[in-house]
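Sequence order for the protein chains is C and Y.
The opening position of the first sequence corresponds to residue 1211 in the numbering used here, with each subsequent residue numbered one higher.
The opening position of the second sequence corresponds to residue 1211 in the numbering used here, with each subsequent residue numbered one higher.
Don't be surprised by glycine CBs; every beta carbon is placed ideally from N, CA and C.
One structure below.
Number of protein chains: 2
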Amino acid sequence: MTRIKFHQNLDDLKEKLLVMAGMAEQAIQRAIEAYRVRDLSICELVLRSEPSINRLEREIDQMALDLLAMEQPMAIDLRFILSVIRINADLERVGDQAVNIAVRVREMEAFANIELPVDIPRLAELAAAMVRKALQAFIEADAEMAETVLTMDDQVDQMNEAAFYALSSLIKEKPELTPQALNALIIARNLERVGDHATNIAEDVIFWVRGADVRHHQGAEI
Amino acid sequence: MTRIKFHQNLDDLKEKLLVMAGMAEQAIQRAIEAYRVRDLSICELVLRSEPSINRLEREIDQMALDLLAMEQPMAIDLRFILSVIRINADLERVGDQAVNIAVRVREMEAFANIELPVDIPRLAELAAAMVRKALQAFIEADAEMAETVLTMDDQVDQMNEAAFYALSSLIKEKPELTPQALNALIIARNLERVGDHATNIAEDVIFWVRGADVRHHQGAEI
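Set out below in C-alpha cells:
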C-alpha cells in the first residue's frame, strides 16, 4: 500500500466513524424525544436502530485492524487508529444508553405522566452537546476544544447528583410516585453515562493530537 | 527487536495486565466487604487504591502502544495486543465501580442498617466470579471458558432486574426506607456493570483466540 493510499484509507476510516457518531447521536435524541412526548413508536425506532449501530461498530473495528496489520504506521497515525478503535466503542455504548432510555420510557407508559423535580430534556441536551463537541474536536483535531468537554462533564455530574437527591425526597414524600421517580432517576444516570462516554472521546482526541494521556481527571459518579 | 525478545515483551505485557486484574478484583471485594460489615475504613482503602489502578492502566497502554509501534506483529499477536488494550480499559472501569460502591456505602452510614430484599453479597460474588473466570480464560487462551462468562451475565442481569422491582415495592410500602433502598439499587446496578465489563473481557478473549467477533449478544439493561 502506498503512503497516499494509506492516508486515503485513514480518511475513509474517519468518515465511517462520523457516520457511526451520527447514528449514536440520533439514537439519543430520539430516545429523549420519546421521553418528552411519551411516544412508543419513537422507542421502537431506537430499538430497531441498535443492530445497525452494532454492525457498523464491527466494520469500523475491522477496517482499523486491517490498517494496523498492513502498515507500520507512524506514531501519530498509530495513535489515530487506536483512538478510532476506542471512540468507536464509546459511540456504540452511547447507542446502548439510548436503548436503555427507550426501554425505561416504555415502562413508564403504564403510569400517569407527572411533573418531576428533574429536567431530563435539559440534562439530555447537555449530554448530547458533549458528544457533539467531542466529535467536532475529533474532526478538527482540536485538543483545546476537547478540553471544554471535560468541564461540561462536571456540570452533568452535578445535575445528576441534584436529581438523585430531589427524586429521593419526592419518593419519601409521595411514595405512590415511586415508579415514575425511579424511572427518571435511572434515565438521568443513563444520560450521565453518555456524558462519560463523551469525556472518554474527548480524552482520546487529546491523546491523539498531543500524544499525552489525560485520563482520570474525573471523580467518582454517584 | 528479535522475535524472541518480542514474545518476551508480550509475556511481560500479559503479566502486567494480570497485576491490574488483581487490583481491580481486590477493589471490588473490598467495596463489598465494606458494604457487608459497614466499615468506612475499608471504603477508604478502596478510594485510596484508585490512583494506583489508573497509573497502571496508563503504563500498560504505553507498553502495548510501544509494541505496536516497534514491530509489525502477526495477526494473532496484533489481536492479542488490541485485546490487552481493551481488557485494560475494562479492568480500570471495574475499579471505578468499586469506588462508586465505596462512595454509596459511605452515604449509607447516616442511615440505620436494615434488612433489604436484595442479596448484594451474592450478586457481588457472581459479578466477581465473572471477572475471575474471564481472566482465567485469558490466561489459558480458552474461548470455551470465556463463553461461560456470557451465560453468567444473563443471571446477573436477571438478579438485578429482580432487585429493581423488589426495592421499588419496598419503597412504595415503606417510604421511610427510601435512602437505604435507593443506595442498594444503585450498588446492584454498579455490580451489573462489573458483570458487563467481565463480559467485554470474555468477548475480547474469544476475539483474540478465534479471530471472531462475538460482541452484541447482550440485551438491554434496565
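Interface annotation for the region 1304-1333 of chain Y against chain C: D1306, V1309, N1310, A1312, V1313, R1314, E1317, criterion Cβ-Cβ distance under 9 Å. In this structure, the alpha-carbon of A1312 (chain C) lies about 7 Å from that of L1257 (chain C).
Rounded to whole angstroms, the separation of the alpha carbons of K1224 (chain C) and Q1218 (chain C) is 10 Å. At a cut-off of 8 Å between beta-carbon atoms, A1337 (chain Y) makes no contact with chain C.
Between H1407 (chain Y) and V1309 (chain Y), the gap from beta carbon to beta carbon reaches 8 Å or more.
Collapsing the DSSP output to three states places F1290 (chain C) in a helix.
With fewer than 16 other Cβ atoms from the protein chains shown falling within 10 Å of its own Cβ, F1321 (chain C) counts as exposed. For I1397 (chain Y), there are no C-beta contacts with chain C under 9 Å, since the nearest C-beta of that chain is about 11 Å from it. Not one beta carbon of chain C lies nearer than 8 Å to the beta carbon of T1409 (chain Y). Take L1275 (chain Y), set aside five residues on each side of it, and no residue of its chain has a beta-carbon closer than 7 Å to its own. Secondary structure of P1385 (chain Y) (DSSP, three-state): helix.
Against chain C, the CB of L1223 (chain Y) has no partner CB under 8 Å away; the residue lies outside that interface.
The Cβ atoms of E1243 (chain Y) and R1342 (chain Y) do not sit closer than 8 Å to each other. Closest by C-alpha distance to E1269 (chain C), out of C:Q1282, C:R1289, C:E1254, C:V1294, is C:V1294. The C-beta separation of A1412 (chain Y) from A1347 (chain Y) comes to about 6 Å, placing the pair in contact by the 8 Å criterion.
When the beta-carbon positions are compared, D1367 (chain C) and M1340 (chain C) stay at least 8 Å from each other.
Taking all protein chains in view, the Cβ of N1370 (chain C) is crowded by 16 or more other Cβ atoms within 10 Å, so the residue is classified as buried. M1318 (chain C) carries a helical assignment under DSSP once its states are collapsed to helix, strand and coil. In the structure shown, the three-state DSSP call for N1323 (chain C) is coil. Listed in chain order, the positions of the region 1360-1385 of chain C with a beta carbon within less than 9 Å of a beta carbon of chain Y are F1374, L1377, S1378, S1379, I1381, K1382, E1383, K1384, P1385. The way I'd put it, the region 1379-1388 of chain Y does touch the region 1381-1390 of chain C; three or more beta-carbon pairs between them come closer than 8 Å. Burial is judged here by how many other beta carbons sit within 10 angstroms of a residue's own beta carbon; L1250 (chain C) has fewer than 16 and is exposed. T1212 (chain C) carries a coil assignment under DSSP once its states are collapsed to helix, strand and coil.
At least one CB of chain C lies nearer than 8 Å to the CB of T1388 (chain Y). About 7 Å separates the beta carbons of I1416 (chain Y) and E1357 (chain Y), which is inside the 8 Å limit, making them a contact pair. With contacts defined by Cβ atoms closer than 8 Å, M1230 (chain Y) and L1301 (chain Y) form a contacting pair. The residues V1328, A1398, in chain order, have a CB closer than 6 Å to that of A1373 (chain Y) in the same chain once the five nearest residues on each side in sequence are set aside.
Taking 8 Å as the cut-off, the Cβ atoms of A1337 (chain Y) and V1419 (chain Y) do not count as close. Against chain Y, the beta carbon of Q1282 (chain C) has neighbours under 7 Å at Q1282, listed in chain order.
Residue state for G1305 (chain C) is assigned as helix, using DSSP reduced to three classes.
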